[in-house]
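Read in our numbering, the sequence shown has 55 at position 55, and its numbers run on one by one without any break.
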Amino acid sequence: MTKKKIGKPFQEGYVISGRIETLIFTDYRWNDGSVNRRWHVEPDKFDASRAILRPFPMMSSDESDQ
């Protein structure tokens, strides 16, 4: 039996243009140690190296996934 792969978001990338802040991606860390990025916009439209990175707010242990 294989272990179920579970991912948790750990940071998000934003771009600010004028007064508009746009979420462009969320990075996930998986229980096998791998990391991947989920894009919320077309990746070729934004330079990810210019994104403002913010840690993803962690849920407390008493909050359930509903």
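Don't be surprised by glycine CBs; every beta carbon is placed ideally from N, CA and C.
These numbers come from a predicted model, not from an experiment.
(Q) Along the chain, where does the beta strand (DSSP E) containing ASN36 start, and where does it finish? (A) 35-39
If contacts are defined as beta-carbon pairs under 8 angstroms, then PHE10 and ASP27 qualify, I think. What distance do you get, rounded to the angstrom?
6 angstroms
> Thinking C-alpha only, which one of ILE6, LYS4, VAL15 and LYS3 is nearest ALA48?
Replying inline: When only C-alpha atoms are compared, the closest one is VAL15.
Worksheet item: With DSSP run on the structure shown, which of helix, strand or coil describes PRO9?
Response: strand
### Task
State the DSSP-derived secondary structure class of PRO57, mapped to helix, strand or coil.
coil
Who are the Cβ neighbours of ASN31 in its own chain at under 7 angstroms, not counting the five residues just before and after it? LYS5 and ILE6
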